[in-house]
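Numbering (this note's numbering), first residue to last: 60 to 391.
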């Protein structure tokens, strides 16, 4: 293992432990058993590495394997907060380990081709990506992984016959959190405005299942069906109405519709609204929007770490997924 780039080098760690650099390197690379290093020595090295803040230099390790230590990150071209939070989390983890990144937005065929051509010359490394729509993607990725490349797909359905890793937001739990919050706020009628892609569908299912477990029915609507929203808020007075929007942007459309109907005073009182993604503007609207933060930034950080671990060990264990959380504001 190469020297660390944080507070202590491999050589310094070895001196601290009173061992050779080769022995410490074998322990840190998981080779203690194959090299017949005693469990006591292994434990001593690992505890010292943790205590002193040792981190391996992933870049040097890539160079040593003849790999280009660049990571291709392919994200949707939506200029909105969740993608930005994901990119920040990825960047934070890469910066910590001094790994250069190549960001591409739009999931374009040409971007994948350019990156893969680049690494095919310098040696394979890694890709973090959402799933693009073009069919040629699968052939490119199949070839990339066959030559030693590591691919981690984000928020993507499992694809058959591809040797890739998967990490996704806990979207089902995000919908469940919204349902529990609306139940706790005293709502007796429940509506969800969602799309049916992998994220929206899972959030809707979590919302519906949680309400069903408590004996309530969820009325499910398409995300753009604002006519239904007008009918909901114009109904007879009675119990509180709880509405879940699968993104904060859909929640903003609900706000717009309710404002046009002259019923904004209902939000936060007889109508409770919860969005999802915890976008920055949630604090700026009136009333401020309660939202579920699905942990995009934390997912990006975990995904980057996972990719780096897989570069060392392709069978590395998948990390635990970050937990979503409710950010309460006046709308619910």
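In this text, a Cβ means the ideal position worked out from N, Cα and C, and glycines have one as well. Note that the structure is predicted; figures quoted are calculated from it, not measured.
Burial state of residue i, where buried means 16 or more other Cβ atoms lie within 10 Å
i, result
"residue 60", "Caution applies to residue 60, whose pLDDT of 39 falls short of 50 and renders its modelled position unreliable; the model cannot decide the point."
"residue 188", "buried"
"residue 227", "buried"
"residue 99", "exposed"
"residue 348", "buried"
"residue 250", "buried"
"residue 357", "buried"
"residue 376", "exposed"
"residue 108", "buried"
"residue 320", "exposed"
Rounded C-alpha distance that separates residue i from residue j
i, j, result
"residue 206", "residue 173", "17 Å"
"residue 201", "residue 275", "46 Å"
"residue 392", "residue 366", "Residue coverage of the chain in this structure runs from 60 to 391, which leaves residue 392 outside it and unanswerable."
"residue 304", "residue 78", "58 Å"
"residue 45", "residue 158", "Here the chain comprises residues numbered 60 to 391, so residue 45 is not present and cannot be evaluated."
"residue 73", "residue 363", "28 Å"
"residue 84", "residue 277", "56 Å"
"residue 137", "residue 112", "37 Å"
"residue 389", "residue 101", "53 Å"
"residue 65", "residue 312", "Below a pLDDT of 50, predicted positions are generally treated as unreliable, and residue 65, at 47, falls in that range; the measurement from the model is reported next regardless. Distance between the alpha carbons of residue 65 and residue 312 is about 47 Å."
"residue 291", "residue 308", "19 Å"
"residue 224", "residue 380", "13 Å"
"residue 75", "residue 96", "17 Å"
"residue 384", "residue 141", "14 Å"
"residue 143", "residue 254", "21 Å"
Strand pairing of residue i, partner residues [DSSP]
i, result
"residue 224", "211"
"residue 331", "301"
"residue 386", "350"
"residue 253", "281"
"residue 326", "330"
Which of helix, strand or coil DSSP assigns to residue i
i, result
"residue 63", "Because the pLDDT at residue 63 is just 40, under 50, the model does not fix this residue reliably, and the point stays unresolved."
"residue 281", "strand"
"residue 161", "strand"
"residue 76", "helix"
"residue 101", "helix"
"residue 241", "helix"
"residue 186", "strand"
"residue 375", "coil"
"residue 380", "coil"
"residue 248", "strand"
"residue 344", "coil"
"residue 134", "strand"
"residue 337", "coil"
"residue 177", "helix"
"residue 310", "helix"
"residue 320", "coil"
"residue 191", "coil"
"residue 166", "coil"
"residue 139", "coil"
Cβ-Cβ distance between residue i and residue j below 8 Å
i, j, result
"residue 387", "residue 241", "no"
"residue 210", "residue 186", "yes"
"residue 279", "residue 238", "no"
"residue 148", "residue 360", "yes"
"residue 301", "residue 248", "yes"
"residue 86", "residue 69", "no"
"residue 234", "residue 263", "yes"
"residue 133", "residue 170", "yes"
"residue 353", "residue 335", "yes"
Proximity test, Cβ basis, 8 Å: residue i and chain D
i, result
"residue 240", "Among the chains in the structure shown there is no chain D, since it carries only a single protein chain."
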